[in-house]
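Okay, structure first, notes after.
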Amino acid sequence: MVDRKIDSGLPGALVGRAAELAALTAHAEAAYNGRSGLVVLSGPAGIGKTSLLRAFLDSDVCRKMTVLHGTCGEVVAGAGYSGVRALFGGLGLSAEEAQDSPLLRGSARRALPALSPHPGEEGPPTAASVYPVLHGLYWLAANLMAQGPLVLVLDDVHWCDERSLRWIDFLLRRADELPLLVVLAQRTEEEPVAPATLADILAQPRSSVIRLDPLTDTEVAEMARQVFAAPVAHSFAGRAAAVCGGNPLTVARLLRELRAKGVSPDESGLREIAEVGSCVVALSVRALFDARPDWVRDVATAIAVLGEEDVEHIGALAGVPAARVAEAVELLRGAEVMAPDRADLAHDVVRSAVLEAAGDKPLAELRARAALLLSDAGRPAEEVANQVLLVPGTPQPWMGWVLREAAVQAEHRGAPEAAARYLYRVLEAEPDSLSAHVPLAKALAEINPTEAIRLLRRALTLATDVRTKAPIAVQFGLTCLTVQQSPTAVRVLSEVLDELEAELGPDPDPRDRELRTLVQSALLISGSDEKATIHTVRERFARIPEPSGDTPAQRQLLAMMTVLSAMEGRSVRRTVEQAQRALGSSDRLDNWSLLFSAFTLGLADEVEGAMEALDHALRQGQDNAAVWSYVITLSYRAMLLHGFGAIPDALADAQTAVEIIGEERWSGNVTMPQTALATILIDRGEPERAEELLAAVTRPNLDGFVMEYHWYLMARARARWALGDGATALRLLLDCGASLEDSGFANPAFVPWWTEAACVLAAEKRADEARDLVEHGAELARRWSTPRAFGLAALARGVTTPGEAGIGYLTEAVEHLSGSPARAEHARAEFLLGGALLDIGRPRDARERLRSAVDLAQGCGALALAKDARNRLVAAGGRMREITASPVDLLTGTERKVAQMASRGAGNREIAESLFVTVRTVETHLTSVYRKLSVGQRGELAAVLNTPSRPDPQAPAWVFASRGRR
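The sequence shown begins at 2 in the working numbering and counts up one residue at a time.
In structure tokens:
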């Protein structure tokens, strides 16, 4: 299948590009043999990029491959996924009857919003559709490659939109083993629509740039021989090359003009070359218009404005009957102004000459008429808006409606950059319009949050009614979170909430009550993130009664209030009841409600409820393609599983989260994935790797955050202690305690630094210094009153109390922890109790406890503890094999995920779609898995993996679409 719809409009043999054509052909041969590549053709207008592409697409190697070609245009420059539609438009996949096409099977169906001329008719728009669409387009390309090697050729890529380029970047980053060649042609003198995105593509290691140089005198002489069919003087060719700068398009036009004037290609023609000059294209166009009736010029100008269009629309814009349009087209083709094989001008240089001849003011009026013509014809709003964007000056009132509708369509496509482009023009016409500021800020929230905040701040000043102002303040507060501006968010939301409460009075109607609750919830979300604001929101919400949880906003507020209750650490029963009410509705729950309720339930040892909420949040993140929230939720689930002693499952979650952020541009603003993985690695006996991960954390102002900072400090302290640096570990733990006190976080189950500090002090024979820490922990545990909290308090007291009294406390710790879900802590308590028994001369009792510690530690995957317990057991006179890693531990994170999915019956393609890798990559991983696990077939995997009943945490395919975003 080959789409060769490409023509420069200038017939003739390709001259001077043999080396470039050979290079393109070599890249195509490599792609045919399974080695992907990217080639960028670069040069000024008329240098021969399109002619070179035409020759390449006519080559033998391209006849063996699936070739899709598209050209980006100035009129559609920047329209969401316009480059993608140019590439795939020839496949007819946007048609209703094509939706059953095998090319759209599986995840490829998610590409439809990018391909359809009328996106979003199936439901409300959502900016989150960015990621599924990228994913779908990848699988559409993969389905094409299943039929054979694929060549994608996109001409005039400087006019390509951001989303299409992001997809190309996304595709190329996953193309290591794909039979794919991407060829992009770029005009060097034009500023690209999306320069940063194009630069990302060019920076890929597989890219190869072919810069087309001016033709030499010898090559110009060859062109002249083709035109004149006569000997060409060297001086003639040299003068022509110099005057035209070696530009093939200009040279060709010059030679044809000279031939038409009867000039000979010898010394006598040198003066004529200077007279016609380098402006030959513009001069020839003007000469043509001067020699023909005005309707020829009008038709040419209409075509220059509209591009390829039907005769009726060209005639309507030009004011010329259809029959005369056809006549004009033939005249223009004869003059080589129009392409020979399509209803468009021969080259963009020619288009520029035609438009220049029209004059600025008439051209502006013509573009406005073209937009109105397309609008009246019922064309998609994006198509109409693209013409409006080219009209200089302030848009007319009807244009604002079109631009708004185009922004909605762009949002349906998941193209926020295009939506913003349309809405900025609306803002030009309506600088004081709320309906321009707020949607524009929404479009910019992820791609440019700083600008979104500026727009929302302006919108707040424009809103005169507090009911109008309230939802804007909510949007402002949540956008501030993405750029770490919690104090600003809290100040603005507090002011609006004060104003709203004064307006509504003590007994508002249900609608106003829900609005007030929404603002309260946003204030609590914004203010709970940083230490600088947590006290302000805590004091305010201490005076607010708990909502019933009957509405979405009330449930969100209730979920956030559970966090405050959990931070206080006073009533586990009340806190759990709040969380359960927040989760109790069958309505769709937002991610905040799910995550914070799960956090609270986890601190309360309510394992089932916490895991159910987190699984729900992960499914919701996948459905909405919310990569950031998915990563945070996955990381917290890893921490929770670690705390419950499900360390292999925790490891899989944490590795997946770290893998996802590996190529994310916002990876520097998250710490939870690295902290979670580091925490788990320490218990796996890899503190060096843990320290490497933690050392790479670069989040600005990390010490200002309420939760992340303390997880991070705890992980650093445990890594230092595991490496034998007790002094640094103790300092970090004490810093953690001081920071928690500053934050007002008094829950004993959240980062029990005091237990760790007591263990460090006891190990360094400084137990007497731990008295205050132990009492502090005991008081926290008494107030929270969960078995885990009591067990940790008893453990801290036990390790710092000598003799039989210490044995008693450690025995109490074992009893409490054995009744809690904290299996790894239970194993540690057994280990410490066994060691204490051995130290006072009770080896038999010690062996029993140490053997239990080994079994528990191995069972939950705490390999470092299992090895330590085994060594002490042997020292106590017991016998036990060396603790060795399971073969499963040799698997990488991706291998483990692939193996677990395969063990449950998933096919290679299903695994590839879920993990967003190629089928060939899945096959490679399975080969490695079989070798490491010493199995010979798929059916043996389940027994070796001992697959847990809980589904394996996996990064869904859409997650990887973020690579290259923002």
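Backbone N, C-alpha and C fix where the C-beta goes; we use that ideal spot for every residue, glycine too. Remember, predicted model here, so these are calculated numbers, not experimental data.
Environment of residue i [buried if 16+ CB atoms lie within 10 Å]
i    : result
I841 : exposed
E268 : exposed
I545 : exposed
W80  : Per the sequence presented here, residue 80 reads as Ala, with Trp not at that position. Looking at its Cβ environment, which holds 16 or more other Cβ atoms inside 10 Å, A80 is buried.
S636 : buried
E21  : buried
D530 : buried
G71  : buried
H711 : buried
K766 : exposed
R638 : buried
H159 : buried
P548 : buried
S675 : Contrary to the premise, residue 675 reads as Gln rather than Ser in this sequence. Buried.
Q148 : exposed
A292 : exposed
Residue i: CB within 7 Å of a non-hydrogen atom of the ligand NAP
i    : result
R368 : Absent from the structure shown: the ligand NAP. Ligands present: none.
Simplified DSSP assignment, three categories, for residue i
i    : result
S83  : helix
V158 : helix
L104 : helix
R490 : Checking the displayed sequence, the identity of residue 490 turns out to be Ala instead of Arg. Correct three-state label for A490: helix.
L1   : Since the first residue shown for the chain is 2 and the last is 967, residue 1 is missing from the structure and cannot be characterised.
S43  : strand
H413 : helix
R325 : helix
I211 : strand
A907 : coil
F970 : What the structure shows of the chain is the stretch from 2 to 967, and residue 970 is not part of that stretch, so it cannot be assessed.
V183 : strand
L596 : helix
E531 : strand
G836 : helix
V68  : strand
R188 : strand
Under 8 Å between C-beta atoms of residue i and residue j
i    : j    : result
K868 : A653 : no
T756 : G727 : no
Q205 : L166 : no
A230 : I274 : no
L596 : T634 : yes
V300 : V282 : no
L155 : C161 : yes
Y139 : A416 : no
H969 : A795 : Outside the displayed range of the chain (2 to 967) lies residue 969, so it cannot be described from this structure.
V76  : L391 : yes
Whole-Å CB distance - residue i paired with residue j, under 8 Å assumed
i    : j    : result
G107 : E914 : 6 Å
A747 : G570 : 4 Å
T1   : A444 : Outside the displayed span of the chain (2 to 967) sits residue 1, for which this structure offers no information.
R700 : T657 : Not quite, the Cβ-Cβ distance comes to about 20 Å (not below 8 Å), so this is no contact.
A420 : E431 : Going by Cβ atoms, the distance from A420 to E431 rounds to 16 Å, so no, they are not a contact pair.
G89  : L116 : First, the amino acid is wrong: residue 89 is Phe here, not Gly. So it is a contact: roughly 6 Å between Cβ atoms.
G940 : Y931 : Contact flag wrong, Cβ pair sits at about 12 Å.
W402 : V573 : So it is not a contact: roughly 56 Å between Cβ atoms.
A723 : P688 : 4 Å
A329 : W296 : 6 Å
Within-8 Å CB hit, residue i to chain C
i    : result
A419 : The question asks about chain C, but that chain is absent: this structure has only one protein chain.
Inspect the CB distances between the stretch 897-912 and the stretch 863-881 and report whether three or more fall short of 8 Å.
-> no
Could you tell me whether the stretch 375-382 touches the stretch 341-358, using the rule of 3 or more Cβ pairs below 8 Å?
-> Contact between the stretch 375-382 and the stretch 341-358 is absent, because fewer than three Cβ pairs lie under 8 Å.
On the three-pair Cβ rule with 8 Å, is the stretch 186-193 touching the stretch 45-63?
-> The stretch 186-193 makes contact with the stretch 45-63, as at least three CB pairs between them are under 8 Å.
Touch test, the stretch 538-557 against the stretch 728-736, Cβ-Cβ under 8 Å, three pairs minimum | In short, these stretches do not touch, since the Cβ pair count stays below three.
Check whether the stretch 363-371 touches the stretch 332-352, taking contact to mean three or more Cβ pairs, one atom from each stretch, closer than 8 Å.
-> No: the two stretches stay apart, fewer than three of their Cβ pairs being nearer than 8 Å.
Could you say if the stretch 256-272 and the stretch 52-69 meet the contact criterion of at least three C-beta pairs nearer than 8 Å?
-> At 8 Å Cβ cutoff, the stretches do not touch.
Touching or not, the stretch 245-257 and the stretch 213-230, by the rule of three or more beta carbon pairs under 8 Å?
-> yes
Is there contact between the stretch 735-742 and the stretch 509-527, where contact requires at least three CB pairs shorter than 8 Å?
-> no
Decide if the stretch 335-342 is in contact with the stretch 403-417; the criterion is three or more beta carbon pairs, one per stretch, under 8 Å apart.
-> By the criterion of at least three beta-carbon pairs nearer than 8 Å, the stretch 335-342 is not in contact with the stretch 403-417.
Touching or not, the stretch 525-540 and the stretch 486-503, by the rule of three or more beta carbon pairs under 8 Å?
-> A contact exists between the stretch 525-540 and the stretch 486-503.
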